[in-house]
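Residue numbers (our numbering): -18 to 166.
Each residue gets a CB set at the ideal place from its N, CA and C atoms; glycine is no exception.
This one's a predicted model, so the numbers in the text were calculated from it and none came from an experiment.
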């Protein structure tokens, strides 16, 4: 399966949890009506990206990187590459590259959709169609800082840094609500 086909399949299978999720799903569907949507930087100013929302096993902390270009704290993630077999693989690769953490996706697989505009600091990229994948890892995992980041750190969910992208906390809390419901249900 191509990456664009994987995105299209994830979009069609996405279970919206709010009106915002409904709108995100509809927006993504316009960009991925078939198996040939924009998955590479060269596919245009708006294209898919993959990220990993990393939580500790107690769901009380999240792992963030301080993004050098964006000048904010954010979940590990980035552009898709030719050797990525799927969106989940891309998210896990980005997690490994940006933090040194090796992980697997949550079971069952949980993700969100977020189309966000970018500042001119991101060059020719005008917006990212990000698929954020939930990941659970122990806080004892060794962390490394990549060239793209200035810092990597665990943050308490109830004490997230102020300098995060617009909509970031909403995305974190939406995924956490589902993870917590699964843990107690």
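For the pair residue -15 and residue 9, the CB atoms are not nearer than the 8 Å cut-off.
Residue -12: member of the alpha helix (DSSP H) spanning -16 to -6, first to last residue.
The secondary-structure analysis by DSSP pairs residue 29 across a beta bridge with 110.
The secondary-structure analysis by DSSP pairs residue 133 across a beta bridge with 46. Comparing C-alpha distances from residue 96 to each of 124, 57, 36, 149 shows the shortest one belongs to 149. With contacts defined by Cβ atoms closer than 8 Å, residue 115 and residue 36 form a contacting pair.
The beta-carbon distance between residue 129 and residue 79, rounded to whole angstroms, is 6 Å. This is short enough to meet the 8 Å contact definition. Sequence-distant partners of residue 42 (beyond 5 residues in either direction) whose C-beta falls short of 6 Å from its own C-beta, in its chain, are 135, 137.
By the criterion of a C-beta distance shorter than 7 Å, residue 77 is surrounded in its chain by 83, once the five residues flanking it on both sides are discounted. The alpha-carbon of residue 155 is positioned some 28 Å away from that of residue -17. For residue 96, the beta-bridge partners assigned by DSSP are 110.
Separation of the CB atoms of residue 127 and residue 26 is rounded to 24 Å, and the pair is thereby denied contact status at 8 Å.
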